[in-house]
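Number 167 in full-length UniProt numbering belongs to position 167 of the sequence shown; there are no gaps in the numbering.
All residues carry an ideal CB built from backbone N, CA and C; glycine is no exception.
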Amino acid sequence: MIPDKKGALIPMSADEVSAQANLARLTDFNVYFNLFTNLNPTISQQLVDGNISSIRNSNFNAQFPTRIICNGWFSGNDTDMNKVLRNAYLAVGNFNVIVLDWSEGSKDLNYIQAAAHTRTAGSKLASFIQYLAANAKLDVNNTYLIGHSLGAHIVGFAGKLIQTPKINTIFGLDPAGIPFNTAGPNDRLNIGDGSYVETINTDIGILGPNMPIGNASFFPNYGTLQPGCIGVTTLCSHARAYVYFGESIEASVDFYAAQCSAFNNIIFRDCNKTGPVAYMGGERSNYDRGVSGIYYLPINFKPPYALGTF
């Protein structure tokens, strides 16, 4: 099964998926790096890999933390996710918020071909980060990569190429399940792509993944139909991952979660909620807080979605 543009699933065999992935796949395409800061919160400045003038003439400030955002299928520079996350970060402090625009690779009606382009986009993102680190004093240990859906695997592919030192934190926001559920760890987002990898899973086994793939994997409402999402497609639940994450950055109430013993507790909706607690998302991340494993949390049906303790 693969998604169509409305989020409905249509049948496709594994052989057909493989054939589609290799059908007229782009061998190369442009990506764009768009910077937002509190000096330019709504109008981006384009940073160019290999062009130091584009960086020196921008508002990029190596003294500030850097947060790089990557969207999924059919994305561009000005999506709802980009607005939600950049506004959240800039509301709580000074950040370099960089949006990766890979629309030349993502805007393909053939979802499987778009998915096949994620590795190229990830490689270009890694090159850009390495250039900033070498030439503009970017602190990789104060850099987070945040990707939604296909974008989660893009930031994973980038992280695999940046290992000395590693990216501090990678957030996978409902990482795309199709066709990555059958891929090995080298071919999707995985533990080890950053020093700390956290996933927020809101649509497991449909548009999202069918397994936990982070150091810590959070499952709001057990990772299935999210409260307040109504309709025959799962796009609403899939999108909630970035909505919750955006709220976690600036809200006063935390997304309080309890550790479960195993992934089966998520599948069978029976987490005993007696394990160690952690907070989903947030700024700072859970890096160096010893957070790992599988977590469940209940969710409100309308904003604010976080319920705090439960």
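Enclosing alpha helix (DSSP H) for I55 [first to last residue]: I52 to R56
Residue of I154, N168, L150 and N265 minimising C-alpha distance to G208: L150
Buried versus exposed, by CB contacts within 10 Å (16 or more), T27: exposed
Alpha carbon of L307 to alpha carbon of A91, nearest angstrom: 21 Å
Distance CB(Y144)-CB(R86) smaller than 7 Å: no
Counterpart residues of H148 in DSSP-defined beta bridges: L173
Beta-carbon spacing of A257, Y295 below 7 Å: yes
Whole-angstrom distance between P175 and V243, CA atom to CA atom: 14 Å
Bridge-paired residues (DSSP) for K107: Bridge partners of K107: none, in fact.
Residues of its chain near N264, where Cβ-Cβ distance is below 6 Å and the 5 sequence neighbours each way are ignored: none
Nearest neighbour of A133, chosen from A115, K166 and I154 [CA to CA]: K166
Nearest-angstrom Cβ-Cβ length linking A183 and E198, presumed shorter than 8 Å: The pair is not a contact, with the Cβ atoms about 20 Å apart (cut-off 8 Å).
Collapsed DSSP secondary structure at Q113 in the structure displayed: helix
CB contact flag (I299, N221, <7 Å): yes
Counterpart residues of E198 in DSSP-defined beta bridges: F171 and A216
I98 in three-state terms, based on DSSP: strand
Burial state of P304 (16 or more Cβ within 10 Å): exposed
Chain-order list of residues whose beta-carbon lies under 6 Å from that of D139 (same chain, five-residue window excluded): none
Distance, D187 Cα to N71 Cα: 18 Å
Span of the beta strand (DSSP E), counted from its first residue to its last, around L39: L39 -> no beta strand (DSSP E), and no H or E assigned at all.
Anticipated Cβ contact below 8 Å, F33 with F64, distance rounded: Not confirmed; about 16 Å, so no contact.
L297 - containing beta strand (DSSP E), residue span: G293 to L297
Cβ neighbour criterion (16 or more within 10 Å) applied to F255: buried
Sequence-distant residues of its chain with Cβ nearer than 7 Å to S58 (five each side left out): L35, Q45 and L47
Length of the line joining the Cα atoms of C271 and I200: 17 Å
Buried or exposed (CB count within 10 angstroms, at least 16 for buried), K5: Confidence at K5 is low in this model, with a pLDDT of 49, below 50, so its placement is unreliable and no value can be given for it.
Proximity below 7 Å, CB of residue 353 to CB of G281: Examination of residue 353 is not possible in this model, given that the chain is present from 1 through 310 alone.
Buried or exposed by the 16-neighbour rule on C-beta atoms within 10 Å, applied to P11: Caution applies to P11, whose pLDDT of 49 falls short of 50 and renders its modelled position unreliable; the model cannot decide the point.
Beta-bridge partners of Y242, as assigned by DSSP: Y242 pairs with nothing; no bridge assigned.
Endpoints, beta strand (DSSP E) assigned at V277: V277 to Y279
Straight-line gap, M81 to T274 (C-alpha atoms, nearest Å): 33 Å
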